[in-house]
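Student: Provided herewith is a single structure, encoded as structure tokens, for subsequent inquiry.
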């Protein structure tokens, strides 16, 4: 088979970073080709070059054996390349059809030919098994459906080569299966798909061939059927990776957190939590599974004193904590790993040691009357940094200069240093690479072994399944299902996450 | 990679580099004004010479320079502490005004008494009045989310009008003994003693320098300072760390206003000895430039307040000698502020250049 895309010796540097170092990529017509690599491996840069969003310093791109040079996405689209971005480019208050034809409307005189548009679109969606209501507003349809609209948009514009940028990150397990079906039918009709991911399972499930990138270089090109996840992980990270964290036997102890009938508003003042109940015991990890936007962030904020409770009760070791501020929650023995470490976890302009002091600023042994003993803080920070393997030359460096993984380790080190009774971890591995994820998971498991009560909130279902003793499913601000870890199947949980339990 | 010693000394170290940037800002401002002077028909070097002579030419001149430095230092510190908390207090002029009113009032309303007690009481009154003038916008921001820039501008005008009313012909603080729109003179026991004979410079300058060290300790060595800086750099992270953001906004603006109040009080007690409507010639606005040029650091602010003191006192002499309007100094000030505003991106450009150069020599 002929290669439909050939990228040869692509070199791209950003100030201080070699993002692509003589990368060559060959994609054959009609295949699903996976581009696998950790965050920062150069996948997105390579695809942005292919889609004309940035230019490369040197190297050549051939589409259907023709040397091309794109000055923008418009040129790429004209060559039959389309891209589904992680963040959708849709107008919420337009209908599906209006979004699809936008920029390329069939017209009759000065008016849009709606009948013709509808016919064309119905044809396309029928052909690829993506039937959908063309007259629904985009704001009213699910994320999975919005993604379909993006795919249909590419088909409507006549794309043969489709780039999917981490398309599964925002989907439920069911929606992922649906997406696989769509990809399969696209392939059968001769479309070529480049699938960007850092999830090994997905590579094995859907792709024909895979190109592994690490540190801007191509590590390997391989047929999917001739490899396995372990081997791929090794190529991607550069060393052996432990997959599932071992979960030693541990009997849960006394109840640490008890939440009853909790109500709170969300950012927009709408009801975010609607009568939520849960409890967490010492030595237990309770995972909150759910699709983004079902009250997870409100729950975490309420349980750390960052958001007002409207009604209901929060008890930490029998002490009523509702309506208390964040300082009181810290004092009561809560540690908080926030989902947005750049916003809530760290002060990027502060040196690392001052970041380690956050939350300890009024506590012995760092205070001397109204003063802070910064020498002690520095020394103590040094110890923490070593214990948590934060790679820094010294503790005076600014937190903002650290890599994402090191920043998260620093937050972890600080929060564990509180020796909390209750650990609230919200998306603790968001944006981290495989090696760092492994580290974070080990530490959380270790906290459980040390008898901490852990509430784990994550959008990554496999993380929840991997770590939790009990799994609670949150849907529209309520816990609607509970599973014990050993008896849970991801399809079942996924069904509940999509609101399946509701009539 | 070959080490570049120049880079290591002046650019590699962040605090030294920010000092270098401040010096460069002043240097380039003087160069630009050099050309402005040339274009407007003056010979720049003698004019600059007059500027320096006006500040250093005699004991009296140098004294005047320190007299201007004093309120600039207090109010520069006031701007800086608010800025460290993420607040933009351009209300220092108003806070200076109310501080001056309060100090003058306590200064003349009581009879002669022990000077230590009297001066302390006057200074405390100015401090509290300024604190109130900072507390109001702080409370409005914390409680209702009203932006402090809006409310302090309005409070500035309220303060100016109050001062003008108090010393107007029918005003309650108007001195009945003469025709000046001013309050009665304060008692001798309320006056801040002069440092040396033959010059107006008074102990206020010492007090201001001590205050700078106090603010430095407060910001960088105390729990309160840490919390203020945390709120200023990232209020969400501060909140997460259990810091009450609203309380610290109110407190910091009160401290900031209090420093303005001190500037006003010391100006009245040490220089004018009575209240005029507009006794501060814009010290509170110059405070912004003083603080920014001083890298919002108390020690840097001592240096920049002194520089602005030179400019202010020198400008009078410059005008007298060469007829250059003394507002030319405002032009210098404005250009310095402009450069300091650009200093972050320019700093990055300089760093990049040096790095590339040192790469180049090594390859």
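Protein chains in written order, with the working numbering: chain A, 1 to 503; chain B, 504 to 866. Beta carbons are placed, not taken as given, at the ideal position from N, Cα and C, and that holds for glycine. In this text, all values refer to a predicted model and were calculated from it rather than measured experimentally.
Less than 8 Å between the CB atoms is what I'm expecting for residue 498(A) and residue 284(A), so what's the real figure, rounded?
Tutor: Within the first chain, numbered from 1, the residue matching residue 498(A) stands at position 498. Within the first chain, numbered from 1, the residue matching residue 284(A) stands at position 284. Contact flag wrong, Cβ pair sits at about 26 Å.
Student: May I have a chain-ordered list of the beta strand (DSSP E) segments no shorter than 3 residues that lie completely inside the segment 61-148 of chain A?
Tutor: Here the runs fully enclosed are 66-68 and 81-84.
Student: Which of the three DSSP states is assigned to residue 659(B) in this structure?
Tutor: For the purposes of this step, residue 659(B) is taken as residue 156 along the second chain, with counting starting at 1. Helix at residue 659(B).
Student: Determine the direct distance from the alpha carbon of residue 300(A) to that of residue 323(A), and round the result to whole angstroms.
Tutor: Here residue 323(A) refers to the residue found at position 323 when the first chain is read from its first residue. Here residue 300(A) refers to the residue found at position 300 when the first chain is read from its first residue. Their Cα atoms are separated by approximately 14 Å.
Student: Taking only beta-carbon positions, decide if residue 745(B) is within less than 9 Å of chain A.
Tutor: Here the question's residue 745(B) lines up with position 242 in the second chain. Taking Cβ atoms only, chain A reaches closer than 9 Å to residue 745(B), which makes this a yes.
Student: Is the shortest distance between the beta-carbon of residue 309(A) and the beta-carbons of chain B less than 9 Å?
Tutor: Counting from 1 along the first chain, the entry for residue 309(A) is found at position 309. Not an interface residue.
Student: May I ask you to list the residues that DSSP assigns as paired with residue 188(A)?
Tutor: What you label residue 188(A) is simply residue 188 of the first chain in a count that begins at 1. In DSSP, residue 188(A) forms no bridge with anything.
Student: Please list, in chain order, the chain A residues whose beta carbon lies closer than 9 Å to that of residue 524(B).
Tutor: On the second chain, residue 524(B) is found 21 positions in, with the first residue counted as 1. Within chain A, no residue comes near residue 524(B); the closest Cβ sits about 17 Å away, beyond 9 Å.
Student: Would you list, in sequence order, the uninterrupted beta strand (DSSP E) runs of no fewer than 3 residues that lie entirely inside the segment 407-485 of chain A?
Tutor: Taking only runs of at least 3 residues, the beta strand (DSSP E) segments lying wholly in the segment 407-485 of chain A are 422-426, 453-457, 470-475 and 478-484.
Student: Keeping to the same chain, check which residues put their C-beta closer than 8 Å to that of residue 468(A); ignore five residues upstream and five downstream.
Tutor: One-based indexing of the first chain puts residue 468(A) at position 468. These residues qualify, in order along the chain: 285, 286, 287, 456 and 485.
Student: When DSSP builds the beta bridges, which residues end up paired with residue 279(A)?
Tutor: Here the question's residue 279(A) lines up with position 279 in the first chain. Looking at the DSSP assignment, residue 279(A) forms a beta bridge with 258(A).
Student: Less than 9 Å separating the beta-carbons of residue 253(A) and residue 282(A)?
Tutor: For the purposes of this step, residue 253(A) is taken as the residue at position 253 of the first chain. For the purposes of this step, residue 282(A) is taken as the residue at position 282 of the first chain. Yes, they are a contact pair.
Student: Taking all protein chains shown into account, decide if residue 582(B) is buried (16 or more other Cβ within 10 angstroms of its Cβ) or exposed.
Tutor: On the second chain, position 79 is the one that residue 582(B) refers to. Buried: at least 16 other Cβ atoms inside 10 Å.
Student: Would you identify the three-state DSSP class for residue 490(A), choosing helix, strand or coil?
Tutor: Residue 490(A) sits at position 490 when you count from the first residue of the first chain. Helix.
Student: Are any of the Cβ atoms in chain B nearer than 9 Å to that of residue 331(A)?
Tutor: Counting from one through the first chain, the residue named residue 331(A) turns up at place 331. Closer than 9 Å to some Cβ of chain B, the Cβ of residue 331(A) qualifies, so yes.
Student: To test your reading of the DSSP string, which unbroken alpha helix (DSSP H) runs of 4 or more residues are found completely within the segment 748-786 of chain B?
Tutor: Listed in chain order, they are 748-770.
Student: Would residue 843(B) pass as a contact of residue 796(B) if the rule is Cβ separation under 9 Å?
Tutor: In the second chain, residue 843(B) corresponds to position 340, counting from 1. In the second chain, residue 796(B) corresponds to position 293, counting from 1. Yes. Within cutoff.
Student: Select from the segment 391-420 of chain A all residues with a C-beta closer than 8 Å to any C-beta belonging to chain B, and list them in chain order.
Tutor: Per Cβ criterion, the list is empty.
Student: Using the beta-carbon of each residue, which ones in chain B are nearer than 9 Å to residue 365(A)?
Tutor: By one-based count along the first chain, residue 365(A) stands at place 365. Residues of chain B passing the Cβ test: none, with the nearest at roughly 13 Å.
Student: Less than 9 Å between CB atoms is the rule here; does residue 573(B) satisfy it with respect to chain A?
Tutor: The residue you call residue 573(B) lines up with position 70 of the second chain. Closer than 9 Å: no.
Student: Can you find at least 3 beta carbon pairs, one from the segment 341-356 of chain A and one from the segment 734-744 of chain B, that sit closer than 8 Å?
Tutor: Contact holds: three or more Cβ-Cβ distances are below 8 Å.
Student: Name the residue from 251(A), 385(A), 255(A) and 295(A) whose alpha carbon lies nearest to the alpha carbon of residue 267(A).
Tutor: As a working mapping, residue 267(A) is identified with position 267 in the first chain. If we check each option's Cα against that of residue 267(A), 295(A) comes out closest.
Student: Return helix, strand or coil for residue 35(A), following the three-state DSSP convention.
Tutor: Translated into the one-based positions of the first chain, residue 35(A) becomes position 35. If DSSP states are grouped into helix, strand and coil, residue 35(A) belongs with the strands.
Student: On the premise that residue 536(B) lies in contact with residue 838(B), defined as a C-beta separation below 8 Å, what is that separation, rounded to the nearest angstrom?
Tutor: Against the second chain, residue 838(B) aligns to sequence position 335. Against the second chain, residue 536(B) aligns to sequence position 33. About 7 Å; that satisfies the 8 Å criterion.
Student: Using CA coordinates, which residue listed in 605(B), 543(B) and 548(B) is at the minimum distance from residue 779(B)?
Tutor: The residue you call residue 779(B) lines up with position 276 of the second chain. Checked all of 605(B), 543(B) and 548(B); the closest Cα to residue 779(B) is 605(B).
Student: Short of 6 Å in beta carbon distance, which residues of its chain neighbour residue 330(A), apart from the five on each side in sequence? Order them along the chain.
Tutor: Position 330 of the first chain holds residue 330(A). If we look at residue 330(A) and ignore the five residues flanking it on each side, its Cβ neighbours are 359.
Student: Classify residue 705(B): buried if its beta carbon has 16 or more other beta carbons within 10 angstroms, exposed otherwise.
Tutor: Position 202 of the second chain, counted from the first residue, corresponds to residue 705(B). Residue 705(B) is buried by the Cβ-count criterion.
Student: Answer with yes or no whether the minimum CB distance from residue 866(B) to chain A is below 9 Å.
Tutor: The residue given as residue 866(B) occupies position 363 in the second chain. No answer about residue 866(B) holds up, because its pLDDT of 30 lies below 50 and its placement is not dependable.
Student: Restricting to runs no shorter than 4 residues, where is the alpha helix (DSSP H) found entirely within the segment 313-351 of chain A?
Tutor: Fully enclosed alpha helix (DSSP H) runs of 4 or longer: 326-331.
Student: Could you tell me the alpha carbon to alpha carbon distance between residue 425(A) and residue 261(A), rounded to whole angstroms?
Tutor: Along the first chain, read from residue 1 onward, the residue named residue 425(A) stands at position 425. Along the first chain, read from residue 1 onward, the residue named residue 261(A) stands at position 261. Computed Cα separation, rounded: 22 Å.
Student: Residue 375(A) lies in the alpha helix (DSSP H); which residues open and close that run?
Tutor: Reading the first chain from its first residue, position 375 is the one you call residue 375(A). From DSSP, the alpha helix (DSSP H) with residue 375(A) extends over 374-387.
Student: Along chain A, in chain order, which residues have C-beta atoms closer than 8 Å to that of residue 726(B)?
Tutor: Position 223 of the second chain, counted from the start, is the residue given in the question as residue 726(B). Correct list: 361, 362, 367, 370, 371 and 372.
Student: Check distances from the C-beta atoms of the segment 332-343 of chain A to those of chain B and list, in chain order, the residues that come in under 7 Å.
Tutor: Within the segment 332-343 of chain A, the residues whose Cβ lies closer than 7 Å to some Cβ of chain B are 336, 338 and 343, listed in chain order.
Student: CA-CA distance, residue 558(A) and residue 448(A)?
Tutor: Residue 558(A) cannot be examined here, being either before or after the span of chain A that is shown, 1 to 503.
Student: How many Å lie between residue 22(A) and residue 45(A) at the Cα?
Tutor: Counting from 1 along the first chain, the entry for residue 22(A) is found at position 22. Counting from 1 along the first chain, the entry for residue 45(A) is found at position 45. So the alpha carbons of these two residues sit roughly 13 Å apart.
Student: Quick one: does residue 328(A) have its CB under 9 Å from some CB of chain B?
Tutor: As a first step, residue 328(A) is located in the first chain; it is residue number 328 there, counting from the start. It does; some Cβ of chain B falls within 9 Å.
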